[in-house]
Amino acid sequence: MRFVKSERSPARKASSLAATGTILAAAVALSSANLAAAGCKGVKANHACITLCNVDTGIYIPFPKLISGIDLPTFSLNFDPAKGTSAASAPGTKVTLNVQDAAWLKSLGPLTKLEIIGVGGQIGVGPTGGDPVASISLPDYVPSKGILLDGVTTFDITNQAFNPVSAANTAVLFKALTLGSGAIPVRLSGYADTKIQIDALFKAKICARFVEVDVQSSLKGLGGLSQTTVTSIPKLVAGNPSTGLQLGVDLAIVNPSNINLALNTDVSLALSYQGSTIGSVVLSSFALGQGTNKYSASAFLNPDTKNAAAVAAAGNLISNFVGGKTSNVTVGAGAAKNLPILDAALGALNISQSLPGSAGIPLLSSGISYVNTLANGDDNGVPFLSFGSKVNGTNPFDIPVAITTIKTSIRYKNVACLTIDTTFNNFTLPAKGTARTPLFQVKLPNSEKGPTECTSDLLNDLLTNQKITVDTESQLTIAVGGYSTTFPYKQSGLDIIANFDETPTA
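Just so we're aligned, residue 9 is where the sequence shown starts under my numbering, counting upward by one.
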């Protein structure tokens, strides 16, 4: 469907309006058979083609700017990614007509009724002062509503083809509407075909075709979708070696504009934390209505393993999440699958968001148990003492989590005394459950002269009181669904309990 541009009117034929003497005579002549009229062949500046509505012949007459305003209370786009097309709807489109200056109407005598009973044509959409970047073609004579003695009517645009004239320029317009706030000026230009019912000195139903349209209107911007919030604690959903850890995230996205979008495809947005991209947020079959929209999105934590900063940032986010702390993340730089015309708009998004942590149930929840006696050891010439131990783990998530390594520094009375460096071949915490680790060794510093002061204090207090309280700083490696990740993990107030009744076996 091509967009019709205005052109200057050629000289009219002798059988045209000039031969009839008056506009009124022309209107009367349209109902008779003696008018040898020229065909309606397109837009002519400052003119319209007046016809009987059931024929394709008519007369171009001088026509003032009949349409002085178009207001779009709602504007919707429905995309078909498979075909690369989209359809526009604008229910309740309000058209203001310059009735008072329409000489051809005045010549018909006192009006008791003036009604636009149908609107068709082709309207271009573009930035203020610019050429149209896309056009909307209306079928012949969409029914309109309203008696126009006040110069106002409305009609509905429903699922009409939205045809980009220039994909690149249309993308720029979409970007402006996506990032902008408040009224974003747009230019509507092209032509309209109108079917008019007149009650004056006589009743008539005539059509004014190729009426020029060139008005300034506006659409409300989406505001960069900045009014987006996470409405609940994310859930650990799955893990996959190729996609990383998957979190289920409930979102509320407020759309302050009068634009509705149905993309009918997935939107993927980059997820960033501490200055690095660590994964993505995916909105399936994305659609955006006016007001508050609720979504169940998926966040994938899958940093580039070659990017040390990204790996560290992802680990810190997981640490916060597991530890029940909120993380301030950024979502943006996105794309819609198979809709490149939206790349500029989605790629410019930059949404700051708070991602709450889990319920804060510690993975190592029930303290470390001292289960067998001290043993002497030597680590590359550095002597140490060790004791066998086990620890209970609690999984707050709805999916099994395997703990594969624990590397921990344990502080007692604010002094680093103990270390753990162990690997488990098969230790999994069941979903929403607890489990006890296999036996592992806890090391204490030693020397040729005997235990250090920290070691002595810790052992004396433990054997005397049967329990001491410590703080831990760990690097935990977990595996979920085949995806493995390492992250820092701190706990305060963790108990070490002397439990000599437990059998010290693996």
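The C-beta atom is built at its ideal place from N, Cα and C for all residues, glycine as well.
Looking at proline 364: is its Cβ nearer than 9 Å to the Cβ of valine 180? As a first step, residue 364 must be located in the sequence shown, where it is residue number 356. As a first step, residue 180 must be located in the sequence shown, where it is residue number 172. The answer is no: Cβ separation not under 9 Å.
If you draw a straight line from the alpha carbon of aspartate 503 to that of leucine 269, how long is it in whole angstroms? The residue you call residue 503 lines up with position 495 of the sequence shown. The residue you call residue 269 lines up with position 261 of the sequence shown. Their Cα atoms are separated by approximately 55 Å.
Would you list the one or two residues that DSSP bridges to isoleucine 261? Walking along the sequence shown from the start, residue 261 turns up at place 253. The partner list for isoleucine 261 (beta bridge, DSSP) reads Thr236 and Asn301.
Start and end of the alpha helix (DSSP H) containing phenylalanine 182? Numbered from 1 along the sequence shown, position 174 holds the residue referred to as residue 182. Per DSSP, phenylalanine 182 belongs to the alpha helix (DSSP H) from 175-187.
Answer yes or no: do lysine 498 and glycine 332 have a C-beta to C-beta separation smaller than 9 Å? Locating residue 498 in the sequence shown gives position 490, where the first residue counts as 1. Locating residue 332 in the sequence shown gives position 324, where the first residue counts as 1. In this structure, glycine 332 does not lie closer than 9 Å to lysine 498 by Cβ.
Decide if threonine 30 is buried, meaning its Cβ has at least 16 other Cβ atoms within 10 Å, or exposed. Start at 1 with the first residue of the sequence shown, and residue 30 comes out as number 22. Only weak support exists for where threonine 30 lies, its pLDDT of 37 falling under 50; the coordinates are left without a value.
List the whole-angstrom C-beta distance separating isoleucine 165 from serine 225, where the pair is believed to meet the contact cut-off of C-beta under 8 Å. Position 157 of the sequence shown, counting from 1, holds the residue named residue 165. Position 217 of the sequence shown, counting from 1, holds the residue named residue 225. That belief does not hold up - the Cβ atoms of isoleucine 165 and serine 225 are roughly 13 Å apart, past 8 Å.
Please report the straight-line C-alpha distance between serine 293 and glycine 50, rounded to a whole angstrom. Residue mapping note: residue 293 aligns to position 285 of the sequence shown, counting from 1. Residue mapping note: residue 50 aligns to position 42 of the sequence shown, counting from 1. If you draw a straight line from the Cα of serine 293 to the Cα of glycine 50, it is about 41 Å long.
Same chain, Cβ closer than 7 Å to phenylalanine 432, neighbours up to 5 away in sequence not counted: On the sequence shown, residue 432 is found 424 positions in, with the first residue counted as 1. For phenylalanine 432, where only same-chain residues beyond five positions count, the Cβ hits under 7 Å are Ile411, Thr412, Thr445 and Pro446.
CA nearest to the CA of proline 151, picked from Ala142, Thr162 and Ser143: Taking the first residue of the sequence shown as 1, we reach residue 151 at position 143. Looking at Ala142, Thr162 and Ser143, the one whose alpha-carbon comes closest to that of proline 151 is Thr162.
DSSP on phenylalanine 435, reduced to helix/strand/coil? As a working note, residue 435 is residue 427 in the sequence shown. The DSSP-derived three-state label of phenylalanine 435 is coil.
What number of angstroms, rounded off, separates the C-alpha of valine 409 from the C-alpha of proline 193? Locating residue 409 in the sequence shown gives position 401, counting from the first residue. Locating residue 193 in the sequence shown gives position 185, counting from the first residue. For valine 409 and proline 193, the distance between alpha carbons rounds to 53 Å.
Under three-state DSSP, which class holds alanine 321? For this step, residue 321 is matched to residue 313 along the sequence shown. Alanine 321: helix per DSSP, three-state reduction.
What do you get for leucine 350, buried or exposed, if any count of 16 or more other CB atoms within 10 angstroms of its CB means buried? Here residue 350 corresponds to residue number 342 of the sequence shown, with the count starting at 1. In the assembly as shown, leucine 350 is a buried residue. Its beta-carbon has 16 or more other beta-carbons within 10 Å.
Taking C-alpha atoms, which residue in Gly100, Pro89, Gly66 and Ala90 lies nearest to threonine 82? Counting from one through the sequence shown, the residue named residue 82 turns up at place 74. For the residues Gly100, Pro89, Gly66 and Ala90, the minimum Cα distance to threonine 82 belongs to Gly100.
Among Gly247, Phe495 and Ala320, whose alpha-carbon lies nearest the alpha-carbon of glycine 283? By one-based count along the sequence shown, residue 283 stands at place 275. Nearest C-alpha to glycine 283 among Gly247, Phe495 and Ala320: Ala320.
Which of the three DSSP states, helix, strand or coil, is assigned to alanine 53? Working through the sequence shown from its first residue, we reach residue 53 at position 45. Coil, per DSSP.
Thinking C-beta only, is valine 141 closer than 9 Å to asparagine 177? Sequence index remark: in the sequence shown, residue 177 carries index 169 (1-based). Sequence index remark: in the sequence shown, residue 141 carries index 133 (1-based). The answer is yes: Cβ separation under 9 Å.
Determine which residues share a DSSP beta bridge with serine 288 and list them. Start at 1 with the first residue of the sequence shown, and residue 288 comes out as number 280. When DSSP reads this structure, serine 288 sits in a beta bridge with Ala278 and Phe308.
Grab the span of the beta strand (DSSP E) containing aspartate 201 for me, first residue to last. Here residue 201 refers to the residue found at position 193 of the sequence shown. For aspartate 201, the enclosing beta strand (DSSP E) has its first and last residue at 191-207.
Using the C-alpha atoms, what's the distance from leucine 74 back to leucine 43? Your numbering for residue 43 matches position 35 in the sequence shown. Your numbering for residue 74 matches position 66 in the sequence shown. Confidence is the limiting factor: at leucine 43 the pLDDT is only 35, short of 50, which leaves the residue's position unreliable and the question unanswerable from this model.
Leaving out the 5 sequence neighbours to the left and right, which residues in its chain are closer than 8 Å to alanine 33 when beta-carbon positions are compared? Stepping through the sequence shown from its first residue, residue 33 is reached at position 25. Since pLDDT at alanine 33 reaches only 44, below the 50 mark, its modelled position is unreliable, and no value is offered.
Glycine 247, enclosing beta strand (DSSP E) - first and last residue: The residue given as residue 247 occupies position 239 in the sequence shown. Residue range 243-248 is occupied by the beta strand (DSSP E) that includes glycine 247.
Decide if the stretch 396-410 is in contact with the stretch 482-498; the criterion is three or more beta carbon pairs, one per stretch, under 8 Å apart. Contact between the stretch 396-410 and the stretch 482-498 is present, because at least three Cβ pairs lie under 8 Å.
9 Å Cβ cutoff met for serine 84 and alanine 169: Translated into positions along the sequence shown, residue 84 becomes position 76. Translated into positions along the sequence shown, residue 169 becomes position 161. Not a contact, by the Cβ cut-off of 9 Å.
Can you check which of these residues, Leu484, Val275 and Ala56, is closest to glutamate 220 by C-alpha distance? For this step, residue 220 is matched to residue 212 along the sequence shown. Checked all of Leu484, Val275 and Ala56; the closest Cα to glutamate 220 is Ala56.
Who are the near neighbours of phenylalanine 308 in its chain, counting only those whose CB is closer than 6 Å to its CB and skipping five residues on each side? Within the sequence shown, residue 308 is the residue found at index 300, counting from 1. Excluding residues within five positions, the ones whose Cβ falls inside 6 Å are Thr251, Gly252, Gln254, Gly287 and Ser288.
Three-state secondary structure (DSSP) at phenylalanine 405? Residue 405 sits at position 397 when you count from the first residue of the sequence shown. Assignment of phenylalanine 405 by DSSP, reduced to helix, strand and coil, places it in the coil class.
Just to confirm my understanding: we take threonine 136, look at its own chain, exclude 5 residues before and 5 after, and list those with CB closer than 8 Å. What are they? Numbered from 1 along the sequence shown, position 128 holds the residue referred to as residue 136. For threonine 136, where only same-chain residues beyond five positions count, the Cβ hits under 8 Å are Pro193, Val194, Arg195 and Gln224.
Assuming phenylalanine 182 and alanine 352 are in contact, meaning their beta carbons sit under 8 Å apart, how far apart are those beta carbons, in whole angstroms? Looking up residue 182 in the sequence shown gives position 174. Looking up residue 352 in the sequence shown gives position 344. Indeed they touch by this definition, with Cβ atoms about 7 Å apart.
Under three-state DSSP, which class holds proline 348? Looking up residue 348 in the sequence shown gives position 340. Three-state DSSP puts proline 348 in a helix.
Please list the terminal residues of the continuous beta strand (DSSP E) segment that includes aspartate 164. Your numbering for residue 164 matches position 156 in the sequence shown. Taken as a continuous stretch (DSSP letters only), the beta strand (DSSP E) holding aspartate 164 covers 160-172.
If isoleucine 261 and leucine 296 are in contact, beta carbons under 8 Å, what's the gap, nearest whole angstrom? On the sequence shown, position 253 is the one that residue 261 refers to. On the sequence shown, position 288 is the one that residue 296 refers to. In this structure isoleucine 261 touches leucine 296 by the C-beta definition: roughly 7 Å separates them, less than 8 Å.
Test item: CB-CB of alanine 344 and valine 275 under 9 Å: For the purposes of this step, residue 344 is identified with residue 336 of the sequence shown, where counting begins at 1. For the purposes of this step, residue 275 is identified with residue 267 of the sequence shown, where counting begins at 1. Note that the C-beta distance between alanine 344 and valine 275 is below 9 Å.
Can you give me the start and stop residues for the beta strand (DSSP E) that threonine 101 sits inside? Translated into the one-based positions of the sequence shown, residue 101 becomes position 93. Membership of threonine 101 in the beta strand (DSSP E) is indicated by the continuous run 93-105.
Here's a check: name, in chain order, each residue in its chain whose Cβ is nearer than 7 Å to the Cβ of alanine 175, leaving out the five neighbours to either side. For the purposes of this step, residue 175 is taken as residue 167 along the sequence shown, with counting starting at 1. Only residues of its own chain outside the window of five on either side were considered, and among them Ile349 have a CB closer than 7 Å to the CB of alanine 175, listed in chain order.
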